[in-house]
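Asker: One structure follows; several queries about it will come next.
There are 2 protein chains.
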Amino acid sequence: MAGHGARGRSGGRPTLEEVAARAGVGRGTVSRVINGSPRVSDATRAAVEAAVAELGYVPNTAARALAANRTDAIALVVPEPETRFFAEPYFSDMLRGVGAALSDTRMQLLLIFAGSDRERQRLAEYLAAHRVDGVLLVSVHADDPLPDMLSQLEIPAVISGPRSAAETLASVDSDNYGGARQAVEHLIGRGRRTVAHITGRLDVYGAQRRIDGYRDALRDAGHEVDDLLVEPGDFSEDGGRRAMAALLERRPDLDAVFAASDVTAAGARHALRDAGRRIPDDVALVGYDDSAIARHMDPPLTSVRQPIEEMGRAMTDLLLAEVADRRPSVSRELERRQMVLATELVARASS
Amino acid sequence: MAGHGARGRSGGRPTLEEVAARAGVGRGTVSRVINGSPRVSDATRAAVEAAVAELGYVPNTAARALAANRTDAIALVVPEPETRFFAEPYFSDMLRGVGAALSDTRMQLLLIFAGSDRERQRLAEYLAAHRVDGVLLVSVHADDPLPDMLSQLEIPAVISGPRSAAETLASVDSDNYGGARQAVEHLIGRGRRTVAHITGRLDVYGAQRRIDGYRDALRDAGHEVDDLLVEPGDFSEDGGRRAMAALLERRPDLDAVFAASDVTAAGARHALRDAGRRIPDDVALVGYDDSAIARHMDPPLTSVRQPIEEMGRAMTDLLLAEVADRRPSVSRELERRQMVLATELVARASS
DNA sequence: AGGTACCGTGGGAGCGCTCCCACAAGTGAT
DNA sequence: ATCACTTGTGGGAGCGCTCCCACGGTACCT
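Chains as they are written, first to last, in the UniProt record's numbering: chain A, 1 to 351; chain B, 1 to 351.
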């Protein structure tokens, strides 16, 4: 049964050439129409579009990728085990932002986990095979070799949270400095005098910026800046608890704490409770991230919100620009490769 | 500047041909080695492998896809908004299983959301372009056009949870019938006499199977099978509440309830409380899914656990087999295209 | 000795595109 | 009229593979 005309037999998809024949034009012209080149007359374009519709033509991605040396795909690389990916709303927000930015391109998004060594190995092969045009890198640790690998392979990449002030990769970050200032200014505004800070891991650039913001906010308000009021944490609950205990020991007169993360604040809260301090009556507490923890804490935690979804969108836009720019030949210097997005203070009962 | 030898200039990756030249063999032979064909002598294979290592050769995926007419990628299609994807552990478990099954293939996994109309549109184009070799379809509703679209496009697909007893697509499911039996037998074993059932949505095949299991378990134990003890729910909390109220009205003497989902059980629990019945003293309660809800309910809910991760693995294995089988020419009939995995009862305080 | 079978191997053809050069036809300055 | 561009178009070349046919060599039958 089933003879075969121009449409070909089952499974045989129409090709550019067939569309060209049908429209009575050349292969090149069809290609131009498909790719939206302006150098096509209106009449020709209409004819080609009709032929495309009649034949149900869909470009062959593999052929395009081979000929044009690109894949029309970017990867979102998550250097974490899947468990964390699902547990933290950060990733879900980020994914939504990336998806939104991609929704009217023909770029495809690949989600790649690189939590285990095995997965990292796979990822390395993957990148070596240049199976994506660019990479979005989130939640990178300071000593991660991934960024350098990407530079080496000359794969465009955008990182969330620069590794240092001298970050070479394009990056998008929230305003850690400004966020910290907001937190501290808020506390001062509520009449607090002695504001302590539990830092994040000191090898994380963002944590450093938060310390800077904390110090500058105090100084600018004419408040005391005492190193005894700053205690290193590590973003963990237990770290927050220990740090809080140490602070209470050193400066029992403190009346406010700015913690570098909500989880840290949760630890600090325990230590404060243990010491018999009431929140916010005796000590006001502010966290960072505005995570679910903040909303569900008792009392609900004032926290600094980062615009994660927007960050995802911004990262994607940046990456797409880099990919497009790399296309023709020399990659001209991109201005504004480091983006910083504003944070927002969400005031709740803890302060 | 930059002359170019066999290694090519920066960005120029070595090709098959270059490897062949280096190893002193033909193109075809290198291809055979790369693809693990047995028809290569050991000496030749060694020479080629050495050349591959020296040159750092990595096959060009696009070229391979074009020549071989396959993509080495499969998609996990989630016909839900991202929100649900992150909220329900089902997907995370599924993803882990799929990832595990894929980890020692060269298949790549694409995660595709098709919750909104816009996303579905994109997906349709995507499938039309045959950008994947196969599709894993999870959480499909009865009237979803996706399965038929896949058949039409002749794209191998595996569905989680057949749409009916006459499912044409390959499918993997947990043993809904057996799971229901386990639940009911457990209740009977604890001395319960009058076991009610709140069903799931009746247009879901799995819900029907659970009803069958419930009935057969009662009958086989010589217990009463009364249609007044069966009340339709819809997997929702509110539905569970209403159904429970109706059951209490009709058969106030009931002493056990098997709910078709944990969420339904949560609703039933409310209605029981409202009616002043104690759990498990007056009425024993068993749910289905063993979700987080079950563990956190008061009292903790006995529930039927489905091996989601294994299901993901099984689906993937099935799909890979289909993809491989479709390769040569005629797709011979696959036996065992419908898989059913055993469930497990997790007993807690509610029964 | 010839025949037949199977290795292992080389390399042509072709997958469906994009890129780019060539060219005809039109436009306007000289 | 000539020259110099510009615009729209056709089609060759080539991207890097896989597939498959052809070929020489060895082995084992008659």
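Backbone N, C-alpha and C define an ideal beta-carbon position, used for all residues, glycine too.
According to DSSP, is Ala284/A part of a helix, a strand, or is it coil?
Answerer: For the purposes of this step, residue 284/A is taken as the residue at position 284 of the first sequence. Residue state, collapsed to three classes: strand.
Asker: Measuring only between beta-carbons, confirm whether Pro145/A sits less than 9 Å from chain B.
Answerer: Along the first sequence, read from residue 1 onward, the residue named residue 145/A stands at position 145. With 9 Å as the cut-off, Pro145/A does not count as an interface residue toward chain B.
Asker: With a threshold of 9 Å between beta carbons, is Gln108/A in contact with chain B?
Answerer: Taking the first residue of the first sequence as 1, we reach residue 108/A at position 108. Interface residue, yes.
Asker: Check the Cβ-Cβ distances between Ser103/A and every residue of chain B, and say whether any is below 9 Å.
Answerer: Translated into positions along the first sequence, residue 103/A becomes position 103. At least one chain B Cβ lies under 9 Å of Ser103/A.
Asker: Run through DSSP, which three-state label would Ile188/B get?
Answerer: For the purposes of this step, residue 188/B is taken as residue 188 along the second sequence, with counting starting at 1. In the structure shown, Ile188/B sits in a helix (DSSP, three-state: H, G or I).
Asker: Quick one: what does DSSP say Ala349/B is sitting in, helix, strand or coil?
Answerer: The residue labelled residue 349/B in the question sits at position 349 within the second sequence. Reduced to three states, the DSSP call for Ala349/B is coil.
Asker: Under the three-state reduction of DSSP, which class applies to His223/A: helix, strand or coil?
Answerer: In the first sequence, the residue the question calls residue 223/A occupies position 223. If DSSP states are grouped into helix, strand and coil, His223/A belongs with coil.
Asker: Okay, do the region 43 to 59 of chain B and the region 12 to 25 of chain B touch, 3+ Cβ pairs below 8 Å being the bar?
Answerer: Yes: at least three Cβ pairs fall under 8 Å.
Asker: Can you give me, in chain order, the residues of the region 84 to 102 of chain B that have a beta carbon less than 7 Å from any beta carbon in chain A?
Answerer: Listed in sequence order: Phe86, Ser92, Leu95 and Arg96.
Asker: Enumerate in chain order the residues of its own chain whose CB-to-CB distance from Ala180/A is below 6 Å, with the five nearest sequence positions on each side excluded.
Answerer: Locating residue 180/A in the first sequence gives position 180, counting from the first residue. Excluding residues within five positions, the ones whose Cβ falls inside 6 Å are Arg210, Gly213 and Tyr214.
Asker: Are Ala75/A and Val132/A close, meaning C-beta to C-beta below 9 Å?
Answerer: The residue you call residue 75/A lines up with position 75 of the first sequence. The residue you call residue 132/A lines up with position 132 of the first sequence. Against a cut-off of 9 Å, the Cβ pair of Val132/A and Ala75/A comes out as a contact.
Asker: Examine the Cβ distances between the region 249 to 269 of chain A and the region 189 to 196 of chain A and report whether three or more of them are shorter than 8 Å.
Answerer: Yes, they touch.
Asker: Which chain B residues sit within Cβ distance under 7 Å of Val58/A?
Answerer: For the purposes of this step, residue 58/A is taken as residue 58 along the first sequence, with counting starting at 1. Going along chain B in sequence order, the residues near Val58/A (Cβ under 7 Å) are Ala128 and Ala129.
Asker: Residue ranges of each beta strand (DSSP E) run of no fewer than 3 residues wholly in the region 65 to 122 of chain A, ordered along the chain?
Answerer: You should have 73 to 78 and 108 to 113.
Asker: Count the other CB atoms, across all protein chains shown, that sit within 10 Å of the CB of His141/B; report buried if there are 16 or more and exposed otherwise.
Answerer: As a working note, residue 141/B is residue 141 in the second sequence. His141/B is exposed by the Cβ-count criterion.
Asker: Classify Arg7/B as helix, strand or coil using the three-state DSSP reduction.
Answerer: What you label residue 7/B is simply residue 7 of the second sequence in a count that begins at 1. Note on Arg7/B: pLDDT 36, under 50, position unreliable in the model; the coordinate value appears next. Coil, per DSSP.
Asker: Please state the DSSP three-state secondary structure of residue 367/A.
Answerer: This structure cannot settle anything about residue 367/A, because the visible part of chain A is limited to 1 through 351.
Asker: Quick one: does Ser10/A have its CB under 9 Å from some CB of chain B?
Answerer: Residue numbering aside, residue 10/A sits at position 10 when the first sequence is read from its first letter. With a pLDDT of only 41 at Ser10/A, under 50, the local geometry of the prediction cannot be trusted, and the value read off the model is given with reservation. Cβ-Cβ to chain B under 9 Å: yes for Ser10/A.
Asker: Determine whether the Cβ of Ala53/A lies closer than 9 Å to any Cβ atom of chain B.
Answerer: The residue given as residue 53/A occupies position 53 in the first sequence. No, Ala53/A does not count as interfacial toward chain B.
Asker: Using a beta-carbon distance cut-off of less than 9 Å, what residues from the region 195 to 211 of chain A approach chain B?
Answerer: Within the region 195 to 211 of chain A, no residue qualifies.
Asker: List the whole-angstrom C-beta distance separating Gly267/A from Arg241/A, where the pair is believed to meet the contact cut-off of C-beta under 8 Å.
Answerer: In the first sequence, residue 267/A corresponds to position 267, counting from 1. In the first sequence, residue 241/A corresponds to position 241, counting from 1. That pair is a contact at about 4 Å.
Asker: Just mark Glu125/A as buried or exposed, buried being the case when its beta carbon has 16 or more other beta carbons within 10 Å.
Answerer: Stepping through the first sequence from its first residue, residue 125/A is reached at position 125. With fewer than 16 Cβ atoms within 10 Å of its Cβ, Glu125/A is classed as exposed.
Asker: Confirm, please, whether the CB-CB distance from Val135/A to Val77/A is below 9 Å.
Answerer: Taking the first sequence and counting its residues from 1, one reaches residue 77/A at position 77. Taking the first sequence and counting its residues from 1, one reaches residue 135/A at position 135. Cβ atoms of Val77/A and Val135/A: closer than 9 Å.
Asker: With burial defined as no fewer than 16 other Cβ atoms inside 10 Å of the residue's Cβ, what is the status of Ser174/A: buried or exposed?
Answerer: One-based indexing of the first sequence puts residue 174/A at position 174. By the neighbour-count rule (16 or more Cβ atoms within 10 Å), Ser174/A is buried.
Asker: Kindly indicate the opening and closing residues of the beta strand (DSSP E) around His197/A.
Answerer: Locating residue 197/A in the first sequence gives position 197, counting from the first residue. Where His197/A is concerned, the enclosing beta strand (DSSP E) stretches over Val195 to Ile198.
Asker: Of all Cβ atoms in chain B, is any one closer than 9 Å to the Cβ of Ala65/A?
Answerer: Against the first sequence, residue 65/A aligns to sequence position 65. Ala65/A counts as touching chain B.
Asker: Give the DSSP-derived three-state secondary structure of Gly134/B in the structure shown.
Answerer: Taking the first residue of the second sequence as 1, we reach residue 134/B at position 134. Note: Gly134/B maps to strand in three-state DSSP.
Asker: Flag Arg190/B as yes when its Cβ comes closer than 8 Å to any non-hydrogen atom of the ligand MN, and as no otherwise.
Answerer: By its list of ligands, the structure shown contains no ligand whatsoever, and the ligand MN lies outside what it can speak to.
Asker: Are the CB atoms of Met315/B and Gly178/B within a distance shorter than 9 Å?
Answerer: What you label residue 178/B is simply residue 178 of the second sequence in a count that begins at 1. What you label residue 315/B is simply residue 315 of the second sequence in a count that begins at 1. It is not a contact, given that the beta carbons lie outside the stated cut-off.
Asker: Taking C-beta pairs closer than 7 Å, name the residues in chain B that Leu218/A reaches, listed in chain order.
Answerer: Locating residue 218/A in the first sequence gives position 218, counting from the first residue. The contacting residues do not exist; Leu218/A stays about 38 Å from chain B at best.
Asker: May I ask you to report which of helix, strand or coil DSSP gives Gln338/A?
Answerer: As a working note, residue 338/A is residue 338 in the first sequence. Three-state result, Gln338/A: strand.
Asker: Can you grab the Cα-Cα spacing for the pair Glu82/A / Asn35/A, in whole Å?
Answerer: Within the first sequence, residue 82/A is the residue found at index 82, counting from 1. Within the first sequence, residue 35/A is the residue found at index 35, counting from 1. So the two alpha carbons sit approximately 37 Å from each other.
Asker: Use the C-beta contact count for Gly206/B: other C-beta atoms within 10 angstroms, 16 or more gives buried, fewer gives exposed.
Answerer: Sequence index remark: in the second sequence, residue 206/B carries index 206 (1-based). Buried, because 16 or more other Cβ atoms sit within 10 Å of the Cβ of Gly206/B.
Asker: The beta strand (DSSP E) spanning Thr343/A covers which residue range?
Answerer: Taking the first residue of the first sequence as 1, we reach residue 343/A at position 343. Unbroken run through Thr343/A: none, as it is neither H nor E.
Asker: Contact defined as beta carbons within less than 8 Å: I believe Ser139/A pairs with Glu80/A. What is the distance between those atoms, to the nearest angstrom?
Answerer: For this step, residue 139/A is matched to residue 139 along the first sequence. For this step, residue 80/A is matched to residue 80 along the first sequence. So it is a contact: roughly 6 Å between Cβ atoms.
Asker: Would you kindly report the start and end of the unbroken beta strand (DSSP E) that includes Ser139/B?
Answerer: Within the second sequence, numbered from 1, the residue matching residue 139/B stands at position 139. Careful: Ser139/B lies outside any beta strand (DSSP E) and carries neither H nor E.
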